[in-house]
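Residue numbers (our numbering): 237 to 589.
Below: one structure, written as structure tokens.
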């Protein structure tokens, strides 16, 4: 395909969206860090981007790329210099998310704790304790009522957002997960909680009752990412088996073979798929991989034959693994976090044929 790019990134156009629309990508901000960027996330109002790295979560302005605050174990700092003066041990922030009203920032870290920060007040609101191993993933229910976390301890916990109390632990010896939980997501209608695990399965629980609704098998290696579509009709999963799968939520929990619940398998990455997100418009799926690329997919385009699916665009935007991808809820921007110690904010546009 035709390539375009600047300095240290480039775009390979492989195809177009249904109807011939192409995607144009531009780098808006490149944000350097002192350590690997494990996670990136936009706030609900699209004004902030949070990036998790060693010892701290950094809050940026999505518009200017300016660093606004550093949320660390030792407190909240306004500058990197102030943070550097404090001696604090290594603890990577592996996951971040915002409350729907963009007032709170949730961080999940290697130190087994989840912290809920008051952003305007620049202070710690809750410390959620109960997991016995590293926190790998956090998500906030769209209705604002609860926070979900996934840990290396093989369990998913549901926390009351107001009180900070753990109201439920999901996962059992019998039903699994049989290994660490790498990623969690709450469906947009707040009905389901999804979790990807090192045990290769995706599980879905009823958010209200805590009952296991379904176990989706099909990946041949650990699942590292799960993400719902905005209409809650699809669930995307990304795995170390280098593929993405799209699951049909209307089939979930029904007594039919798991294979019939998988709408499609997307093979394009040359190494582990580490992150996936479905754009708010629902017409794009964006994935990040150890192969250093970000790939754009059109979930509406069914391949003529299995194995013939291909991304419509490949962004080579980092010098190391793309560990995290996130999409702005308000506009056509996305963020990436990488092993190259950079978080990047990108903007894209739809170019009609």
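The C-beta atom is built at its ideal place from N, Cα and C for all residues, glycine as well.
Enclosing alpha helix (DSSP H) for residue i [first to last residue]
i, result
"residue 421", "Segment 417 to 422 is the beta strand (DSSP E) holding residue 421; no alpha helix (DSSP H) there."
Residue from the options with nearest C-alpha to residue i
i, options, result
"residue 282", "565, 570 and 579", "565"
"residue 262", "428, 489, 492 and 581", "581"
"residue 472", "446, 443 and 524", "524"
"residue 570", "511, 481 and 248", "511"
"residue 352", "332, 437 and 273", "332"
"residue 529", "536, 538 and 556", "556"
"residue 309", "492, 317, 486 and 323", "323"
"residue 254", "355, 431 and 548", "548"
"residue 550", "467, 527, 536 and 492", "527"
"residue 507", "514, 513 and 476", "476"
"residue 290", "503, 279, 327 and 321", "327"
"residue 379", "338, 354 and 518", "338"
"residue 389", "575, 429 and 346", "346"
"residue 612", "393, 381, 546 and 319", "The shown model of the chain, from 237 to 589, leaves out residue 612, and the question about it has no answer."
"residue 499", "376, 545 and 515", "545"
"residue 357", "437, 385, 314 and 434", "314"
"residue 497", "482, 509 and 504", "482"
"residue 485", "452, 478 and 509", "452"
"residue 305", "359, 589, 457 and 443", "359"
Beta bridge counterpart(s) of residue i as assigned by DSSP
i, result
"residue 256", "Bridge partners of residue 256: none, in fact."
"residue 406", "392"
"residue 500", "482"
"residue 314", "None; residue 314 has no bridge partner."
"residue 383", "376 and 395"
"residue 354", "340 and 359"
"residue 555", "Note: residue 555 sits in no beta bridge, so no partner."
"residue 508", "None, per the DSSP bridge assignment."
"residue 328", "290"
"residue 458", "Answer by DSSP bridge pairing: none, since residue 458 is not bridged."
"residue 371", "387"
"residue 514", "521"
"residue 285", "278 and 296"
Supposed close pair residue i, residue j - CB separation, criterion 8 Å
i, j, result
"residue 372", "residue 416", "7 Å"
"residue 329", "residue 288", "3 Å"
"residue 361", "residue 387", "Wrong, their Cβ atoms sit about 21 Å apart, outside the cutoff."
"residue 579", "residue 276", "5 Å"
"residue 278", "residue 562", "5 Å"
"residue 441", "residue 428", "7 Å"
"residue 318", "residue 307", "The pair is not a contact, with the Cβ atoms about 12 Å apart (cut-off 8 Å)."
Terminal residues of the beta strand (DSSP E) in which residue i lies
i, result
"residue 475", "470 to 475"
"residue 359", "359 to 364"
"residue 274", "Unbroken run through residue 274: none, as it is neither H nor E."
"residue 531", "529 to 533"
"residue 429", "428 to 433"
"residue 538", "Note, residue 538: premise wrong, no beta strand (DSSP E); not H, not E."
"residue 583", "578 to 587"
"residue 450", "448 to 452"
"residue 522", "521 to 525"
"residue 292", "292 to 297"
"residue 305", "303 to 308"
"residue 568", "Unbroken run through residue 568: none, as it is neither H nor E."
With contact counted as at least three CB pairs below 8 Å, one residue from each stretch, are the region 458 to 468 and the region 417 to 428 in contact? yes
contact_flag[the region 364 to 373, the region 387 to 404] where n(CB pairs < 8 Å) is 3 or more: yes
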